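Working notes, beginning with the structure itself.
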Amino acid sequence: MRCEDVTTRLDAYAAGELQPALAAKLAAHLDLCESCQQSLHRLKRLAAVLGQASVPPVPDGFAARIMAKARNRRVSVASAGWNPLRWWRLVPAPMHAAAAAVLVIGLAVGLLMSWTTLPAGQAAPGQATVQADPLAPYNVDYLTDAPDGSLAQTYLALVSTPAGEGK
Amino acid sequence: MPTPSDENLMLSVRDGNLAAFEWIVLRHQAEAWRVAYRFTGDAAEAEDIAQESFLRILDAAPRYKPTATFRTYLFRVLNRLCIDHIRKKRPIFTDSLPQRTDTAPSAIQRLSDGERDAATQAALALLPTNQRMAVVLRYFESLSVAEIAEAMGTSVKAVEGLLARARERLESLLAGLMEDF
């Protein structure tokens, strides 16, 4: 084992984090290498120096300030209204698959129905009638078919008298 | 009643439970603050970073999956925000950094605790950002090399290299303080 390999693994070795086999190799090297022994010694001293350094206490009200901002964020998210994208992200994955399946089945059924009810290039008879006489459904020409002697027939006879006959 | 684990609390937060989030904040505020302070060396900046880390975690809660320990997850968020903070921050040239400590025993003995802390913090500030974060997580938060790798999004081998280079630099910068040990 080279000294360079030992030096880079000294932290993990000192903390007992290495695999037993690797740790044994390192220990064997350390037994023979005074330079690496000194590196390990310096590491322990450095750890002691850093471990003694104190850090200022957490500022007063730190957690309360975080929670105030957290509540504000939640309120703003709620007041922003319904967000389909956000809602979709919250839906579990199986529901995504189910929704996709329903969509595909719906499209397939729709296509199938349109294909069977409307063959290509052939319109339904009812549609042809409607297109030929759009007023037929409203029976606006009922006067022409009025029976003889009816009021409607009499009215038509009067209206259609040739000019001059009345003089 | 058993204390709920961080991961269970986060699953409650995912379901919209803000009380569970408060529990998380109270439980981890000190270490979040320490990491940010050790990294930046500034109390106000540390508060901003630590606070933003918790809020980012809350925002991402709907997508939370307990794949790692919450602590590692928190440090990962902190690491990203600390690095972003340094990238955005303009360099400040100052002559007010603490003087390098004298190696003579008499000088060491004269150093107060505050001066020792300041010297340590100044030495940390001279490390490159990734080495500094590795040292903070290792020597101040006692994370394993594997946990640091996960928090920093890198390999164990890379972390070992970062720590070895950082040690070499710190041994030189803090030689005076190390005389006592």
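So the protein lines, in turn, are chains A and B. Throughout, the working numbering is defined as the position within the first sequence, counted from one, plus 142. Throughout, the working numbering is defined as the position within the second sequence, counted from one, plus 21. Cβ atoms here follow ideal geometry from the backbone N, Cα and C, with glycine treated the same way. If you're wondering where the values come from, they're calculated on a predicted model, not measured in any experiment.
Subject >> Against chain A: residues of the stretch 172–197 of chain B by CB proximity under 7 Å >> reply: Glu181, Gly182, Leu184, Ala185, Arg188, Leu191, Glu192, Leu195
Original post:
Are B:Gln142 and B:Gly62 touching if we call contact CB-CB under 7 Å?
Top reply: What you label residue 142 of chain B is simply residue 121 of the second sequence in a count that begins at 1. What you label residue 62 of chain B is simply residue 41 of the second sequence in a count that begins at 1. Yes.
Subject >> Stretch-stretch touch, CB-based, cutoff 8 Å, three pairs: the stretch 157–164 of chain B with the stretch 84–91 of chain B >> reply: no
**OP:** Can you tell me which of the three DSSP states B:Ala67 falls into?
**Re:** Along the second sequence, read from residue 1 onward, the residue named residue 67 of chain B stands at position 46. Of the three classes helix, strand and coil, the one that applies to B:Ala67 here is helix, per DSSP.
Original post:
So what does DSSP say about A:Asp290, is it helix, strand or coil?
Top reply: Within the first sequence, the letter at position 148 stands for residue 290 of chain A. Of the three classes helix, strand and coil, the one that applies to A:Asp290 here is coil, per DSSP.
**OP:** Measure the C-alpha to C-alpha separation of A:Arg215 and B:Asp80 and round it to an integer number of angstroms.
**Re:** As a first step, residue 215 of chain A is located in the first sequence; it is residue number 73 there, counting from the start. As a first step, residue 80 of chain B is located in the second sequence; it is residue number 59 there, counting from the start. So the alpha carbons of these two residues sit roughly 9 Å apart.
Subject >> Interface partners of B:Met199 on chain A, CB under 9 Å >> reply: Looking up residue 199 of chain B in the second sequence gives position 178. Arg184, Arg187, Leu188, Ala190, Val191, listed in chain order.
**OP:** Below 8 Å on the Cβ atoms is my guess for B:Arg108 versus B:Leu148; work out the distance and round it to an integer in Å.
**Re:** One-based indexing of the second sequence puts residue 108 of chain B at position 87. One-based indexing of the second sequence puts residue 148 of chain B at position 127. The pair is not a contact, with the Cβ atoms about 16 Å apart (cut-off 8 Å).
Original post:
Along chain A, which residues have their Cβ under 9 Å away from the Cβ of B:Phe96?
Top reply: Here residue 96 of chain B is taken as the residue at index 75 of the second sequence, counted from 1. The contacting residues do not exist; B:Phe96 stays about 16 Å from chain A at best.
Original post:
Does the pairing of the stretch 37–57 of chain B with the stretch 184–204 of chain A give three or more beta-carbon distances under 8 Å?
Top reply: yes
**OP:** Would you mind sorting A:Ala210 into buried or exposed? The rule is 16 or more other CB atoms within 10 Å of its CB.
**Re:** For this step, residue 210 of chain A is matched to residue 68 along the first sequence. A:Ala210 comes out exposed.
**OP:** Just the C-alpha distance for B:Gly174 and A:Leu253, rounded to the nearest angstrom, thanks.
**Re:** Your numbering for residue 174 of chain B matches position 153 in the second sequence. Your numbering for residue 253 of chain A matches position 111 in the first sequence. Computed Cα separation, rounded: 50 Å.
Subject >> Where A:Gly158 falls: helix, strand or coil (DSSP) >> reply: The residue labelled residue 158 of chain A in the question sits at position 16 within the first sequence. Three-state DSSP puts A:Gly158 in coil, outside helix and strand.
Subject >> Within 7 Å, strictly: CB atoms of B:Ala144 and B:Leu194 >> reply: In the second sequence, the residue the question calls residue 144 of chain B occupies position 123. In the second sequence, the residue the question calls residue 194 of chain B occupies position 173. Contact flag set, yes.
Original post:
Is the shortest distance between the beta-carbon of B:Arg55 and the beta-carbons of chain A less than 7 Å?
Top reply: In the second sequence, counting from the first residue as 1, residue 55 of chain B sits at position 34. Chain A contact via Cβ: present.
Original post:
For A:Met209 and chain B, any beta-carbon pair shorter than 7 Å?
Top reply: If you number the first sequence from 1, residue 209 of chain A lands on position 67. Chain B contact via Cβ: present.
Original post:
Under three-state DSSP, which class holds A:Asp200?
Top reply: Looking up residue 200 of chain A in the first sequence gives position 58. Correcting the residue type first, residue 200 of chain A is Val in the shown sequence and not Asp. In this structure, A:Val200 counts as coil in the three-state DSSP scheme.
Subject >> Limits of the alpha helix (DSSP H) - the one that B:Thr24 falls within >> reply: The residue labelled residue 24 of chain B in the question sits at position 3 within the second sequence. B:Thr24 -> no alpha helix (DSSP H), and no H or E assigned at all.
Original post:
In three-state terms, what does DSSP make of B:Arg188?
Top reply: Sequence index remark: in the second sequence, residue 188 of chain B carries index 167 (1-based). B:Arg188 falls in the helix class under three-state DSSP.
Subject >> Check whether B:Phe202 and A:Ala190 have beta carbons under 7 Å apart >> reply: Residue 202 of chain B sits at position 181 when you count from the first residue of the second sequence. Residue 190 of chain A sits at position 48 when you count from the first residue of the first sequence. Closer than 7 Å, so yes.
Subject >> Cα-Cα separation, A:Ala206 to B:Arg137 >> reply: Locating residue 206 of chain A in the first sequence gives position 64, counting from the first residue. Locating residue 137 of chain B in the second sequence gives position 116, counting from the first residue. Roughly 32 Å between the two C-alpha positions.
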